Every structure is written in structure tokens, then in C-alpha cells.
Amino acid sequence: MTARTGRRAAALAAAGAVLAGAAACSAPSGGDGNGKGTDSLVVGIAQEPDTLSPLLGYGKDGNSKIFDGLLRHDAAMKLQPALARELPEVSDDGKTYTYTLRDGVRFSDGKPFTAADVVFTYETILDSKTNNPSRGELDALKSVTAKGKDTVVFTLKYPYAAFAERTVLPIASRAVAGKQDINTGAYNTKPIGTGPYTLTNWSKGEKLTFQANPRYWGGEPEVKKFTMAVIKDDDVRATRLRTGDLDGAILPPNLARTFGRDSGKKTLNAKTNDFRGVTLPTENKVTGDKAIRRALDIAVNRTAMVDKILDGAGQAAYGPVPTDSPWFAKGTERPYDLDAARKILDDAGWKPGKNGVRVKDGQQAGFTLFYPSGDKLRQEHALAFASDAKQAGIKVTVNSASWEIIEPAMKHDAVLAGGGNPADPDFDLYNLLHSSLAGDGFNNMARYANKAVDQQLEQARRTNTGSERKAAYDTVQKELRDDPGYVFLTHVDHVYVMNDSWKNVTTQVEPHDHGLGAGPWWNVEDWQRKK
Amino acid sequence: MARLTGRRLLAAVPVLAAVTFGVFAVAAASPFDPVRQYAGTAGLTASQQTLDQLRDNLGVGGSFAGRWWRWLTAALTGDLGDSASLRQPVAQVIAERIGWSVLLCAVAFTVAVLLGTLLGVAAARRQGGLLDRCVTSVAYALEAAPPFWLGLLAIWLFALHLGVLPAGGLSDTGSDTVTAGSLIEHLTLPAAVLALSQLPWFVLYVRQGVGDALHEDPVRGARSRGLSERTVLLGHALRSGLLPVLTLIGSRVPELITGALLVETVFSWPGIASATVQAATATDFPLLAALTVLATLAVLAGNLLADLLYGLADPRVALEEM
Numbered sequence: 001m002t003a004r005t006g007r008r009a010a011a012l013a014a015a016g017a018v019l020a021g022a023a024a025c026s027a028p029s030g031g032d033g034n035g036k037g038t039d040s041l042v043v044g045i046a047q048e049p050d051t052l053s054p055l056l057g058y059g060k061d062g063n064s065k066i067f068d069g070l071l072r073h074d075a076a077m078k079l080q081p082a083l084a085r086e087l088p089e090v091s092d093d094g095k096t097y098t099y100t101l102r103d104g105v106r107f108s109d110g111k112p113f114t115a116a117d118v119v120f121t122y123e124t125i126l127d128s129k130t131n132n133p134s135r136g137e138l139d140a141l142k143s144v145t146a147k148g149k150d151t152v153v154f155t156l157k158y159p160y161a162a163f164a165e166r167t168v169l170p171i172a173s174r175a176v177a178g179k180q181d182i183n184t185g186a187y188n189t190k191p192i193g194t195g196p197y198t199l200t201n202w203s204k205g206e207k208l209t210f211q212a213n214p215r216y217w218g219g220e221p222e223v224k225k226f227t228m229a230v231i232k233d234d235d236v237r238a239t240r241l242r243t244g245d246l247d248g249a250i251l252p253p254n255l256a257r258t259f260g261r262d263s264g265k266k267t268l269n270a271k272t273n274d275f276r277g278v279t280l281p282t283e284n285k286v287t288g289d290k291a292i293r294r295a296l297d298i299a300v301n302r303t304a305m306v307d308k309i310l311d312g313a314g315q316a317a318y319g320p321v322p323t324d325s326p327w328f329a330k331g332t333e334r335p336y337d338l339d340a341a342r343k344i345l346d347d348a349g350w351k352p353g354k355n356g357v358r359v360k361d362g363q364q365a366g367f368t369l370f371y372p373s374g375d376k377l378r379q380e381h382a383l384a385f386a387s388d389a390k391q392a393g394i395k396v397t398v399n400s401a402s403w404e405i406i407e408p409a410m411k412h413d414a415v416l417a418g419g420g421n422p423a424d425p426d427f428d429l430y431n432l433l434h435s436s437l438a439g440d441g442f443n444n445m446a447r448y449a450n451k452a453v454d455q456q457l458e459q460a461r462r463t464n465t466g467s468e469r470k471a472a473y474d475t476v477q478k479e480l481r482d483d484p485g486y487v488f489l490t491h492v493d494h495v496y497v498m499n500d501s502w503k504n505v506t507t508q509v510e511p512h513d514h515g516l517g518a519g520p521w522w523n524v525e526d527w528q529r530k531k
Numbered sequence: 001m002a003r004l005t006g007r008r009l010l011a012a013v014p015v016l017a018a019v020t021f022g023v024f025a026v027a028a029a030s031p032f033d034p035v036r037q038y039a040g041t042a043g044l045t046a047s048q049q050t051l052d053q054l055r056d057n058l059g060v061g062g063s064f065a066g067r068w069w070r071w072l073t074a075a076l077t078g079d080l081g082d083s084a085s086l087r088q089p090v091a092q093v094i095a096e097r098i099g100w101s102v103l104l105c106a107v108a109f110t111v112a113v114l115l116g117t118l119l120g121v122a123a124a125r126r127q128g129g130l131l132d133r134c135v136t137s138v139a140y141a142l143e144a145a146p147p148f149w150l151g152l153l154a155i156w157l158f159a160l161h162l163g164v165l166p167a168g169g170l171s172d173t174g175s176d177t178v179t180a181g182s183l184i185e186h187l188t189l190p191a192a193v194l195a196l197s198q199l200p201w202f203v204l205y206v207r208q209g210v211g212d213a214l215h216e217d218p219v220r221g222a223r224s225r226g227l228s229e230r231t232v233l234l235g236h237a238l239r240s241g242l243l244p245v246l247t248l249i250g251s252r253v254p255e256l257i258t259g260a261l262l263v264e265t266v267f268s269w270p271g272i273a274s275a276t277v278q279a280a281t282a283t284d285f286p287l288l289a290a291l292t293v294l295a296t297l298a299v300l301a302g303n304l305l306a307d308l309l310y311g312l313a314d315p316r317v318a319l320e321e322m
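Chains A and B supply the protein sequences, listed in that same order.
Sequential numbering of the first sequence, starting at 1, is according to my numbering.
Sequential numbering of the second sequence, starting at 1, is according to my numbering.
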């Protein structure tokens with residue numbers, strides 16, 4: 001090969017490479033290029049889902065736009081029928097739940113929805129080969145069977161009054177998902193459901209776009225086009241909301257306040273069960289002491305935390321159940337009382353030592369409190385807690401680390417924990433407090449053990465009568481007041497800013513976990529544009 | 001030429017094996033737990049039994065050497081495995097994204113080479129002149145500027161302040177189709193920033209090479225034969241002055257990859273870089289290993305390309321001795 005032909009070959013190769021690169025990128029084109037119309041909505045979210053397959057945990061708390069569950073929550077978090085025709089029939093022993101299915105429902109690919117899809121969904125999630133990290137939520141479920149095309153029977157291992165709350169989880173299509181690798185198949189990114197919207201595109205790291213499902217059994221939504229832009233940075237999200245790029249977004253309270261005077265926008269504070277609290281490990285000599293626990297519980301100034309850390313967007317927490325919940329045990333509020341805290345410690349023999357830190361039998365009243373690094377909200381809670389504890393003579397050393405480091409330390413060191421699920425008090429209380437779950441993964445991190453609490457938690461699961469359950473949970477909350485295993489600090493509001501151009505915009509009580517279904521757009525399918 | 005290519009390909013085998021082994025070793029030594037990363041927030045309420053089952057299913061138990069060997073033998077049969085962090089087969093992750101990265105890099109690199117050569121020649125023509133002083137000082141300043149900083153600056157100026165170009169993504173936020181027009185609009189800023197970060201090396205090398213060539217005997221001879229200044233500059237000086245640039249093209253490939261990594265992240269460009277970042281933070285072994293192989297291949301190919309181009313441009317170079 002001569003130098004000249006070689007040069008030409010090289011040039012051709014280079015040109016070819018560029019063309020091949022360009023050709024590989026020729027994504028389908030068409031459309032008007034700009035989807036902004038009167039029937040479209042673009043919102044900014046902070047976290048991207050890992051998967052859109054309900055079999056791997058997507059939408060397990062309800063409100064998934066692409067899917068429906070057997071049941072769903074209304075604005076007041078009451079259960080309503082969705083794919084089921086009515087609420088389930090529960091057997092007297094509380095171990096059998098029977099659902100009759102709605103007629104004529106079709107998946108977005110046109111295939112009919114039947115009982116087989118329900119059985120497939122639950123059985124796949126229960127299968128140990130399915131990588132669903134939330135499988136434990138269906139722990140009570142023994143088997144699920146179809147009776148004909150329109151009846152499904154769930155049989156439980158033990159009576160579980162909160163089980164119906166678990167059946168809001170979305171139903172997948174057996175015809176499509178059943179033919180694929182559940183863990184990595186295309187269903188993860190190209191889901192087929194019965195819901196009000198179908199997914200038109202998911203550009204990972206950028207956005208998810210949805211289109212109204214014209215065949216939706218609940219009627220075609222008026223917002224035809226729905227886009228969720230994934231914008232991790234709070235400031236960028238606020239900027240893009242301001243430039244009109246977004247119609248709504250979740251924002252931290254301080255940034256949301258900057259939209260206060262904007263007449264075209266409104267701010268919505270969603271009440272939540274999302275708590276922040278400090279675990280008090282029973283195996284630590286200091287935090288395991290009942291006097292220390294009770295003193296810390298009343299030495300923290302929760303009101304100040306709500307005002308200073310949350311900018312008022314939140315409320316004081318005395319347990320996992322928020323004070324405005326119907327399940328809250330009235331009278332268990334503990335006002336900030338530093339003098340009473342000091343007196344409890346004095347009476348228990350914790351005497352003031354050097355540097356103001358109390359000492360008992362040579363043991364300093366001090367412990368370490370971890371928070372996950374990078375979480376600014378938990379950091380501020382941790383520092384406020386430490387400074388309040390210091391007033392009472394207890395030295396809290398605040399430390400940040402990744403969960404990999406915190407997990408092995410949880411047994412002896414305190415952690416600034418968060419969590420919360422509003423659907424049923426059992427979900428939070430049982431996992432946080434039952435002694436059988438002490439140190440089981442991230443359940444009962446404090447290794448709390450209280451016989452009366454255990455007994456009441458089980459009692460509440462067995463009974464289906466609202467008043468009996470309420471009495472049981474009241475007892476649990478009173479026990480928690482007298483023997484705190486955690487110091488609950490606040491319930492954090494989730495704050496959203498929206499263009500004020502739709503009717504029916506509301507929020508639900510939200511969980512800790514921000515799924516795609518949380519936010520004012522939880523019922524976007526019911527919105528109408530203001531004329 | 002074929003022998004050089006063949007020899008390099010043979011040498012690539014142990015290099016790739018060593019590099020992927022290193023990836024598995026480093027990932028195993030990191031404090032991050034793939035199971036915790038996979039489970040995400042759901043892992044914070046999961047029972048120990050669920051977490052153990054996940055660890056089993058994901059195949060992340062055992063020694064890293066064993067995991068590496070399993071991955072390697074599967075990869076040789078064409079099975080790149082499944083990405084845990086993206087819940088997709090690795091081959092699919094790469095296929096969906098690599099085109100956008102290649103497009104970004106190709107456009108940026110072409111602009112950098114062409115513009116760099118142009119500015120370099122212009123500066124070399126009159127060394128010490130006003131144009132030369134401007135071009136070289138800007139080039140030195142750019143050399144020191146990190147690409148992500150340039151990216152943020154570009155967003156601030158063009159997207160926020162002037163409002164003429166979009167700040168990120170592949171298409172408009174409310175749209176899910178990629179049209180040629182919106183693609184060009186969205187490609188402009190990231191490609192310009194990436195090109196700008198590569199530009200100074202080409203400018204300075206061309207300026208130096210052409211400047212030196214202008215003082216060499218062949219050029220002086222050509223001038224004395226009365227050839228036009230244009231012929232002298234482009235035909236003689238540029239040709240020998242470009243030699244070092246050809247080697248530079250190959251050796252800039254690693255810098256181009258790291259530059260693209262930062263630029264893609266800043267502009268939320270859905271290329272392979274954002275997947276790399278995710279794979280690394282989630283200790284997603286199969287994805288991380290495959291991406292490392294790709295990057296290593298790109299670097300090796302860049303070096304080979306540089307050598308081949310050098311041989312083609314200068315017949316005195318014996319490729320067989322490389």
C-alpha cells in the first residue's frame with residue numbers, strides 16, 4: 001500500500017466511523033418536537049426509579065401511573081376498589097381474603113386482565129429467585145389462587161388485619177412479563193399495565209414520559225401527556241421551574257419559599273408519616289438505661305427543630321404515628337421539659353461530672369450518634385439532638401458514615417433513622433418495635449424489647465375491629481412514652497410548587513419513600529384544566 | 001501494517017485481562033455493598049432473610065477472583081451478564097447508550113482537530129505576533145481549565161444568562177422524540193465544551209511543529225525556488241509539522257474519555273458515561289467490567305491509529321520496528 005492510497009483509506013475509515021456513529025444515534029424522529037400544550041404536564045422529580053416492574057417493587061404503595069392494584073387509596077388514604085369490584089371479603093379467622101375482579105379491564109396492549117395475572121404477580125414476588133427487596137412486606141401471605149376468571153383468594157399464614165393495605169400493589173401482565181427474565185427483562189423498562197397512563201419513553205437519567213391510556217377503565221385522563229424530568233440537584237430543579245421548563249416540582253422548604261410571591265404558582269405541603277428519630281440501642285450501657293432514654297425523650301426541643309430545621313414544614317413526632325393521624329394516642333405528647341429531664345437523671349444516680357457530663361458508677365453518660373453522610377436534613381437533626389442532650393448533661397458524639405459502616409455499628413451506637421408508611425400503623429410499629437425482629441436487617445434497629453408492646457402488636461394484627469385495634473395501638477404508644485426505644489423528633493412535610501392551572505390538585509399523606517406516585521400528581525388522571 | 005496491527009491485538013489480550021482483574025479487585029476492596037446498593041431504600045426495611053436471598057441471586061458472594069473468572073469465561077462466550085444497577089442485560093445498556101457517546105466524542109474531536117490545526121497554523125505563520133500571543137495564551141488558560149468547570153460556565157452563560165441554548169438532555173423536557181433540529185441544539189453546548197477542552201493541545205502542537213518546520217532546510221529550499229508562500233506553508237511546513245499531531249490524536253483518546261465522562265454528567269447527556277458513574281457507585285461488577293474493557297480498547301485502538309497514521313504520513317518510519 002502506498003502512502004497516498006493509505007491516506008485515502010484512513011480518511012475513508014475516519015469518515016465511515018463518524019457516519020456509523022451518527023447512524024447508530026438516529027433515534028426515531030417525528031412529532032412536533034415540543035410537547036408543551038394545554039393538555040400536557042411536566043414535573044421535576046429528585047429520584048429516578050431503578051425499575052418500572054411491579055414484580056421488582058415498583059409502585060408497591062399504590063399510585064403507579066402505569067398500573068392498578070386490586071385496591072387503591074383515596075385522598076384520605078381510605079382503601080377503595082380498583083381492579084377489584086369491591087373491598088375484599090375477609091373470613092372470620094382473618095386468614096382468607098377474597099377479591100372479585102372488575103369486568104372488561106384490558107391491559108394497554110389490548111389483552112384482557114384476569115385472575116391469572118393477579119396470581120402471577122403475587123407468586124412471582126414471593127418467588128425467592130425474584131430480586132424484589134420489598135418481598136418481606138408480603139410475609140403474611142401463604143398462597144394465592146384463582147377461582148375462575150374473576151375471583152382471587154389469598155390465604156394467610158397468620159391473621160393479619162393490615163393485609164388489604166398490601167393489595168394496592170400493581171398487577172403485572174402475565175402474558176408479557178411471564179415470558180421474560182423477571183430480574184433483567186424488557187418489562188423493567190417497557191412495562192404493560194392497566195393504568196391511566198402508558199409509558200412512551202424512558203431516557204434513563206433524563207426523564208420518563210407517559211401518555212394517557214384511551215382505553216382506561218376509569219375513563220381517559222384529561223392530562224394527555226405527562227413527563228417526569230429527573231433532576232437530582234435542588235437548585236437546578238428550582239431554576240427550571242422558574243424558567244417555565246417545569247410545571248411543578250418537589251423542593252426543599254427554603255427553596256419553595258422563594259416562590260411565595262409568584263401569583264401563578266402555588267405551594268403544597270404534603271403531610272407525611274416520614275419521621276426522623278434517634279435509635280437508642282438496648283445493648284449500649286448508656287442508651288439502654290431507662291432513665292437516660294426517658295430523659296432524652298423530654299430534653300429534646302421538637303418545636304424548635306420544626307421551626308429551625310424544617311422552616312415550619314413539619315410537626316413534632318412522639319412516635320411513628322403522626323399527631324394528626326386518627327391512630328395517634330391522644331395524651332402521649334411529651335412537652336419539652338429540661339428540668340424534668342435533669343431530675344430523672346439525678347434521681348437515677350447520674351451525677352454531674354467534669355465538663356458538665358454526667359457520670360454513674362464510673363460510666364460517662366455519652367454515646368455515638370451516626371447519620372448517613374450526605375443527608376443534610378439528618379445531619380441537622382443529629383446536631384440539634386446532640387446540642388439538646390448536652391443541656392441535660394449527656395454527651396452525644398455525632399458521626400457521619402455510609403450505611404455499610406453504620407450497619408455493623410447499629411447494635412451499640414445510635415443512628416439518626418428515618419421511615420414511615422401511612423397506610424397502616426402496623427407497617428411502622430411492628431417493624432420498629434417487635435422484639436422478634438430485633439437486629440433483623442434494618443428492622444427494629446434499636447433492638448427494642450417490651451413484652452406488653454409485643455403482645456399488643458400481635459393482638460392488633462389478629463383483630464379486624466377498628467376500635468380494638470385502636471386500643472391496642474394506644475397501649476403501644478403509651479408504653480413508648482414510658483419506655484422509649486427511640487427518640488422520635490419530627491415528621492417532615494414534603495413540599496411541592498405547582499403552576500396554579502388545574503382543578504383537583506391535592507396531596508395525600510405520604511410515606512418516607514418518594515415513589516413516582518407521591519406528590520400532588522398522585523391523581524393526575526383526575527385533573528382538569530382551569531378554564 | 002497488518003503485522004503491527006496483529007501484534008498489537010495479541011498484546012491487548014493480557015492487558016484487558018489484567019485491567020478487568022484490577023477492576024474486580026478494586027471494587028471488592030471498596031466499602032460499598034452491592035446488595036445494599038441494589039435494594040436502595042427498600043433495603044432499609046428489608047429483613048435479613050430477604051437481603052441474604054438477594055446476595056445469593058445477584059451472585060456477589062465469594063471471592064473477587066472467582067467472580068472475575070466467572071465473568072471472564074461468560075464474556076468470552078458472548079454473555080456480558082446483567083447489570084444489577086440498571087436491571088438490564090449489559091449488552092443492552094451499552095447498545096442503547098454508546099451511540100450518543102460516540103456522536104458527542106466524534107463531533108467534539110473533529111472540531112478540536114480542525115480548529116486546532118487552523119489556529120495553530122495561523123499562529124505559527126507569524127510567531128510573536130498579536131494573533132499568536134492571543135491564541136497561545138488562551139490555549140494555556142484552557143489547558144488548565146477542567147471540563148466540568150467549562151461546562152458549568154457554559155450553562156450559566158448560554159442557558160441561564162442568554163437563554164439561547166438548552167442546559168441539558170437530548171431533547172426538550174416536554175418532548176419524547178429526538179428530532180434532528182433539537183438534537184443539534186442540545187448537542188451544541190456539550191460538544192463545544194468537550195472540543196474546547198481538547199483544543200489547546202492541538203493548537204500548541206501544530207503551532208510548534210509548523211513553526212519549527214518553517215525554519216528547516218526543505219522549507220528554505222522551497223522558498224528559494226520561488227514557490228508561493230501558500231504552497232510553502234501548506235505543502236511543506238504543515239505536512240512535516242503535522243507529524244507530532246498525528247501521534248497526539250491517539251494519545252488524546254484517554255483524555256477524551258475522561259472529558260466526556262464529566263461533560264455527559266454535567267449536561268445529563270444519556271451516554272455511556274452516566275452508566276459508568278452509576279456502575280461504579282453501585283459496584284455493579286458486570287457493567288463496570290464491560291465498560292472498562294470498552295475504554296481500554298478505545299485507548300489501545302487510539303495508540304494503534306496514531307502509529308499507523310504516523311507511518312502513512314512519513315514513509316521513513318518503519319512500522320515493523322514499532
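Quick reminder that beta carbons are idealized off the backbone N, C-alpha and C, glycines included.
These figures come from a predicted structure and were not determined experimentally.
For the pair A:A116 and A:A146, the CB atoms are nearer than the 8 Å cut-off. By the criterion of a C-beta distance shorter than 8 Å, A:I45 is surrounded in its chain by M228, A229, V230, I231, A249, I250, H514, L516, G519, once the five residues flanking it on both sides are discounted. Beta-bridge partners of A:S203 (DSSP): A:K207. In the three-state reduction of the DSSP assignment, A:P372 falls in the strand class. At the C-beta level, A:K478 and A:K503 stay beyond 8 Å of one another. The beta carbon of A:A229 falls within 8 Å of a beta carbon belonging to chain B, placing the residue at that interface. In chain order, F148, G151 place their CB closer than 6 Å to the CB of B:V266, counting only its own chain and leaving out the 5 sequence neighbours on each side. The DSSP-derived three-state label of B:D82 is strand.
For B:A306, there are no C-beta contacts with chain A under 9 Å, since the nearest C-beta of that chain is about 11 Å from it. Boundaries of the alpha helix (DSSP H) around B:I98: 90-125.
With a threshold of 8 Å between beta carbons, A:P196 makes no contact with chain B.
The criterion of a C-beta distance shorter than 8 Å is not satisfied by B:R87 and A:T209. In this structure the region 406-422 of chain A touches the region 275-293 of chain A; the number of beta carbon pairs closer than 8 Å is three or more. Contact annotation, B:A289 with B:W71: C-beta distance approximately 6 Å; criterion of less than 8 Å satisfied. Ranking A:V492, A:L310, A:E404 by CA distance to the CA of B:R36 puts A:E404 first.
The beta carbon of B:L300 sits closer than 6 Å to the beta carbons of A12 from its chain, once the five residues preceding and following it are set aside; these are given in chain order. Think of a sphere of 8 Å around the beta carbon of B:Q198: no beta carbon from chain A falls inside it, the nearest being about 16 Å out.
The DSSP assignment places 71-73, 79-81, 96-100 as complete runs of the beta strand (DSSP E) inside the region 71-108 of chain A, in order along the chain (cut-off: 3 residues). Any Cβ of chain A closer than 8 Å to the Cβ of B:R316 would place that residue at the interface, and such an atom is absent. Residue state for B:S240 is assigned as helix, using DSSP reduced to three classes. B:S240 is outside the set of residues whose beta carbon lies under 8 Å from a beta carbon in chain A. Judged by pairs of C-beta atoms under 8 Å, the region 72-80 of chain B does not touch the region 233-245 of chain B, as fewer than three such pairs exist. Within chain A, no C-beta atom comes less than 8 Å from the C-beta of B:Q208; the nearest is roughly 23 Å away. Residues of chain B with a Cβ closer than 7 Å to the Cβ of A:W403 are, in chain order, R36. For the region 199-228 of chain A, residues whose beta-carbon sits nearer than 7 Å to a beta-carbon of chain B comprise T200, N201, S203, K204, G205, E206, K207, T209, T227. Look at B:G40: its C-beta is under 8 Å from a C-beta on chain A. Here A:G349 is actually not in contact with A:V357; their C-beta atoms are around 15 Å apart, not less than 8 Å. If you ignore the 5 residues before and after B:R126, its C-beta comes within less than 8 Å of the C-beta of D132, all in its own chain and listed in chain order.
Non-local C-beta neighbours of A:L369 in its own chain, meaning closer than 6 Å and more than five positions away in sequence, comprise A382, V396, V398, A414, ordered along the chain. By the Cβ neighbour-count rule, B:H161 is exposed, with fewer than 16 other Cβ atoms within 10 Å of its own. When C-beta distances to chain B are compared with 9 Å, the residues of the region 111-142 of chain A below that value are S128, K129, T130, N131, N132, P133, S134, R135, G136, E137, D139, in chain order. By the neighbour-count criterion, in which 16 or more other beta carbons inside 10 Å mark a residue as buried, A:L480 falls on the buried side. For A:A401, the three-state secondary structure derived from DSSP is strand. Here the alpha carbons of A:A313 and B:L51 stand approximately 34 Å from one another. Identification of chain A residues near B:D33 by a Cβ-Cβ cut-off of 7 Å yields E404, ordered along the chain. In the DSSP annotation of this structure, the continuous segment of the beta strand (DSSP E) that includes A:K265 starts and ends at 265-270.
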